[in-house]
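Positions 33 to 179 (our numbering) are the ones given, in order, by the sequence shown. C-beta atoms are modelled at their ideal positions from N, C-alpha and C, and glycine is treated no differently. Read through the structure below, which is laid out as C-alpha cells, and then see the notes.
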Amino acid sequence: MKVLVLNGPNLNRLGKREPEIYGRTTFDDLAATLVAHGRKRSLDVDVRQTNNEGELIDWLHEAADHGHPVVLNAAAWTHTSVAIGDACAQLTGLLIEVHISNVHRREPFRHHSYISAHATGVIVGLGVRGYEHALDFIADETQTDAE
C-alpha cells in the first residue's frame with residue numbers, strides 16, 4: 033500500500049533549523065528512515081517536502097484521487113491555510129497529522145489547526161519518531177481492514 037508522507041515549509045531545513053526544537057535529524061535521514069520503516073510494515077512510503085503551498089495541495093488532491101493514506105506535517109500552513117484544510121477534507125484514506133514539536137507548548141497561534149478536524153489522528157511532540165508511529169497506525173489499520 034502506498035502512503036504519502038507530506039511535509040510543508042522549512043522542513044527541508046531539519047537538522048539545521050532550531051535543533052533545540054526540531055532535533056538534529058536531517059530531512060534526508062528522516063526520509064530514508066521512513067522508507068525503511070514502511071518497508072518493514074509492507075508500506076510503500078513516498079516522502080515529499082515543499083515550500084510551495086500549491087504543490088502540497090496538488091499532492092493532497094493526488095492522495096484523494098487514489099485513496100492513499102497521508103501522514104501530513106504541514107508545518108506553519110497547519111495554522112494558516114484554509115486551502116490546505118479544504119484539500120484535507122477531500123481525502124478518502126486515513127490522514128494522520130504530525131508535528132515534531134508539541135505545538136500546544138509553543139506560541140498561541142500554533143494551537144489552532146485547519147487540518148485536525150479532517151484527521152483520523154494527531155501526533156504532536158514526539159520528535160521525528162511521531163512519523164514512525166503514524167506509519168505503524170496506518171499499517172495496523174489497513175491490515176485490519178484487509179482481514
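- Contact holds between the stretch 36-55 and the stretch 100-114, because three or more Cβ pairs, one in each stretch, are under 8 angstroms apart.
- Linking H100 to C120 through their CA atoms gives a straight-line distance of about 12 angstroms.
- Here the stretch 67-77 does not lie against the stretch 109-124, with fewer than 3 beta-carbon pairs under 8 angstroms apart.
- In the DSSP assignment, H131 falls within the unbroken beta strand (DSSP E) covering 127-131.
- If you compare the alpha carbons of T152, S133, G86 with that of R142, the shortest gap goes to S133.
- Within the stretch 99-128, the runs of beta strand (DSSP E) that reach at least 3 residues and sit entirely inside it are, in chain order, 102-105.
- Separation of R45 and P51 (C-alpha to C-alpha, rounded to the nearest whole angstrom) is 10 angstroms.
- The criterion of a C-beta distance shorter than 8 angstroms is not satisfied by I155 and I116.
- Annotated three-state conformation of N44 is helix, per DSSP.
- When rounded, the separation of the alpha-carbon atoms in V79 and R138 is 26 angstroms.
- In this structure, the CA atom of R73 is about 32 angstroms from the CA atom of H144.
- It is roughly 7 angstroms from the alpha-carbon of A151 to the alpha-carbon of L126.
- Taken atom to atom, the span from the alpha-carbon of L158 to that of H131 is near 8 angstroms.
- For the set F59, A63, L123, V135, the Cα lying nearest the Cα of L167 is the one of A63.
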